[in-house]
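Below: the structure, in structure tokens.
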Amino acid sequence: MKVAIFANDDMTSNIIFAQLFNMSDIQITGLYIAASPRKGTSSIIGGAISLLRRMAFGYWLFLVFTNGAFKVYEFLTLVFRCSPQTGTFYSLRRAAQLRGVRYRKVADFSSPEIAAELQNSNVDLLIIRVGDILQPKILDIPHYGTWCVHSSLLPSFKGIAGEFHALRTKRAPIGSTVFEVTPSLDEGTPLGQVAIQRDETGSVFQHMVNNNIAAGKLLASMVLQAFQCSAPSFELYTPQSQLKSSYHSWPKPDELKVLHRQRKALITPGEAMRLMLAAFRWG
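Numbering (my numbering), first residue to last: 23 to 305.
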């Protein structure tokens with residue numbers, strides 16, 4: 023099974039796709055990482071600054087802190103050629119080095135160069151976690167199609183920051199969906215889902231990490247089944263509560279206030295301390 027990965031350059035994508043790099047039964051033909059967190063910008067810093075205007079400042083600081091800690095971890099891991107994983111963190115870039123996998127930063131995932139590389143690699147499956155809407159010329163290349171890993175139980179909480187929006191919504195289930203990608207964003211058929219335990223005393227960060235780990239395990243099991251079956255099919259897990267269709271963008275100030283009124287934190291001081299220790303590979 024030949025698999026290519028399109029991913030954001032963030033902590034969550036690295037946690038989710040870590041499972042695939044630990045599977046000996048698949049060949050990862052390429053790891054393609056978004057050059058910026060926002061399309062139209064060419065750097066991580068520029069993209070982060072441009073996103074500041076689109077969300078609550080507190081949530082922006084949360085993303086900067088968690089992903090900044092991850093980038094420190096990745097830098098040290100690459101410089102000192104350490105193992106890819108320490109505690110919460112996993113470096114896909116280091117794992118790609120160890121496995122001899124092609125790695126490149128990408129500004130346009132539908133570019134002719136990327137299409138040619140996927141064609142030449144004879145890719146069976148493309149797995150993505152990016153905000154770009156891929157063109158049909160890319161989606162038509164993989165033999166088994168293109169899957170996306172989304173951090174909510176679709177059709178609920180389409181869009182961005184699934185764990186945040188689900189946690190601030192009373193009794194909303196929290197989980198992840200692997201769905202078939204179509205030219206329309208987040209509109210493909212769900213192929214598999216996993217729900218995690220909702221903890222009313224837990225932070226957004228706690229639910230985010232737990233959800234990423236669960237999503238990675240789900241994805242790995244689905245890829246393994248696709249490898250073993252000529253016509254793979256997957257059972258769709260549905261929580262007991264009814265899933266209603268909804269869409270949310272980046273968290274706004276009033277939405278963050280709702281979370282705080284429920285005495286829920288984005289990240290606790292203890293979690294922040296452990297994250298910093300892990301960034302320096304002390305966790």
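Beta carbons: idealized from backbone N, C-alpha and C, even for Gly.
Residue of the options minimising C-alpha distance to residue i
i: Y81; options: F249, E277 and F201; result: E277
i: M244; options: K266, T34 and I48; result: I48
i: W169; options: L148, E135, T99 and D154; result: L148
i: H172; options: R75, L100, H282 and G197; result: G197
i: M33; options: M45, P205 and T108; result: T108
i: L299; options: S35, L98 and K159; result: L98
i: E135; options: M23, S46 and G52; result: G52
i: R76; options: L100, M45, K159 and A183; result: A183
i: S143; options: T290, I160, I155 and P212; result: I160
i: T88; options: D31, G122 and I150; result: D31
i: T290; options: A236, A237 and F227; result: F227
i: T124; options: E139, T110 and S133; result: The question names Thr, but residue 124 in the sequence shown is Arg. For the residues E139, T110 and S133, the minimum Cα distance to R124 belongs to E139.
i: Q250; options: H282, R303 and Y166; result: Y166
i: M295; options: T110, S133 and A194; result: T110
i: T223; options: R190, W304, L74 and T199; result: R190
Residue i versus residue j: straight-line alpha-carbon distance, rounded
i: L120; j: Q157; result: 31 Å
i: L42; j: K266; result: 31 Å
i: Q247; j: F201; result: 15 Å
i: R60; j: A70; result: 8 Å
i: D221; j: H229; result: 8 Å
i: K286; j: L240; result: 27 Å
i: L175; j: S225; result: 19 Å
i: Q284; j: F79; result: 19 Å
i: I218; j: F102; result: 35 Å
i: D162; j: T204; result: 10 Å
i: A137; j: K192; result: 43 Å
i: M23; j: V280; result: 45 Å
i: P275; j: G122; result: 44 Å
i: E293; j: P212; result: 32 Å
i: Q141; j: P164; result: 8 Å
i: A242; j: G214; result: 11 Å
i: I66; j: I27; result: 19 Å
i: L100; j: P106; result: 9 Å
i: D154; j: K93; result: 22 Å
i: M45; j: S35; result: 17 Å
i: G238; j: S206; result: 24 Å
i: I150; j: W304; result: 31 Å
Check whether residue i and residue j have beta carbons under 8 Å apart
i: S178; j: S268; result: yes
i: V25; j: I50; result: yes
i: I38; j: N234; result: yes
i: R115; j: Y54; result: no
i: L288; j: F84; result: yes
i: A29; j: V145; result: no
i: A91; j: A301; result: yes
i: P273; j: F131; result: no
i: Y95; j: A40; result: no
i: G181; j: H270; result: yes
i: V216; j: A236; result: yes
i: V128; j: A57; result: yes
Per DSSP, the bridge partner or partners of residue i
i: I55; result: A29 and K127
i: W169; result: I149 and E202
i: Q49; result: K24
i: K180; result: Y269
heavy atom of the ligand ZN below 7 Å from residue i C-beta
i: N44; result: Looking for the ligand ZN in the displayed structure turns up nothing, as the structure carries no ligands at all.
Exercise for review: Kindly provide the ranges of any alpha helix (DSSP H) runs that are 4 or more residues long and lie completely inside the stretch 193-279, ordered along the chain.
Suggested key: Note on the stretch 193-279: whole alpha helix (DSSP H) runs with a minimum of 4 residues are 226-250, in chain order.
Point to revise | Ranges of the alpha helix (DSSP H) found wholly within the stretch 85-123, counting only runs of at least 4 | key: With a minimum length of 4 residues, the continuous alpha helix (DSSP H) runs that stay inside the stretch 85-123 are 114-121.
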